[in-house]
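Here the sequence shown is numbered in this note's numbering, starting from 50 and rising by one per residue. Idealized CB from N, CA, C, for every residue including glycine. Here's the structure, in structure tokens; my notes come after.
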Amino acid sequence: MRIPDYPAGETGQWAAVDRYFGDLLCPADAALEQALTENARAGLPPHDVSAPQGKLLALYIRMMRASRVLEIGTLGGYSTIWMARALPSNGQLVTIEANPRHAEVARANIARAGLSDRVDLREGPALEILPALQAPFDLVFIDADKPNNPQYLAQALRLTRPGSVIIGDNVVRGGAVVDPDSGDANVQGVRQCLQMIADHPGLDATAIQTAGEKGWDGFALAVVR
Ligand code: DHB
Ligand code: MG
């Protein structure tokens, strides 16, 4: 391991740093705050992206002037709100959620954020919905059930164009991703997806580890050639 020339820090500070960065650079407003509150109240798993991650997705959308975004895995719509807000007024975000209860919570959160016109929430299994969608999307955010990541990537490839960006969440999973013999279907889905990315001549990619309020995880980012 490379020895950093700054204090290595404690995991206990990861969340505090996220809060510091979040409050400073990505402050929540009522709609974002209420989305997180409603998601927790409805018992959704606490898998929402952090505020700095939501802002990063929004900045990518602005940096590449994306106008059509696809999200696979809405959960309660927190990341959806961050991304939809970054779109131009004629932009569109299609987001897919398999769990009807999650979709219901997300629909309300998106409506409260005033984004229902820009967000097309499709309820149902992504593997049934994706084949009916039409290319091209400028950015695809894959953040649903991890065992299906390889199939989601295949659809993302079909639905993108040269220059599009594909981002996959949760590729580190506390370091579990390095175990090729893992019995965790999530890890295997992530690993197969990363291998597909590595083997695909039409993708140029990296993966970045993150430490924060969600622990030790990370995301993969690929640009379509
Ligand atoms: C899990 C899924 C997510 O999308 C996430 O951001 C964190 C964890 C999970 O399934 O464990
Ligand atoms: Mg995730």
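Which ranges does the beta strand (DSSP E) cover as unbroken runs of at least 3 residues, wholly within the segment 229-270, from first to last along the chain? If we require 3 residues or more, the beta strand (DSSP E) runs fully inside the segment 229-270 come out as 252-261.
Check whether the Cβ atoms of Leu-106 and Met-132 lie closer than 7 angstroms to each other. Judged by beta-carbon spacing, Met-132 lies within the 7 angstroms limit of Leu-106, meaning their Cβ atoms are closer than that value.
Tell me the residue span of the beta strand (DSSP E) that contains Ser-213. From DSSP, the beta strand (DSSP E) with Ser-213 extends over 209-218.
Can you give, in chain order, each stretch of the alpha helix (DSSP H) that sits fully within the segment 131-173 and has at least 4 residues? Those alpha helix (DSSP H) runs which fall completely within the segment 131-173 and span 4+ residues are 149-161.
Ala-135 and Ile-159 closer than 7 angstroms at C-beta: It is not a contact, given that the beta carbons lie outside the stated cut-off.
Just how far apart, CA to CA, sit Ser-128 and Asn-88? Rounded to the nearest whole angstrom, the CA to CA distance from Ser-128 to Asn-88 is 12 angstroms.
So does His-151 have its beta carbon nearer than 6 angstroms to some heavy atom of the ligand DHB? No, the beta carbon of His-151 sits no closer than 6 angstroms to any heavy atom of the ligand DHB.
Please state whether the Cβ-Cβ distance between Asp-44 and Thr-255 is less than 7 angstroms. No answer is possible for residue 44: the residues shown for the chain start at 50 and end at 274.
Taking 8 angstroms as the limit between beta carbons, can you name the residues of its chain near Pro-199, skipping five residues before and five after? Taken in chain order, the residues that qualify are Gly-238, Gln-241, Cys-242 and Met-245.
Can you tell me whether DSSP reads Asp-67 as helix, strand or coil? DSSP places Asp-67 in helix when its eight states are reduced to three.
Helix, strand or coil: which one does DSSP assign to Ile-178? Helix at Ile-178.
Is Asp-67 near the ligand DHB, judged by its Cβ being under 6 angstroms from some heavy atom? For the ligand DHB, not one heavy atom lies less than 6 angstroms from the Cβ of Asp-67.
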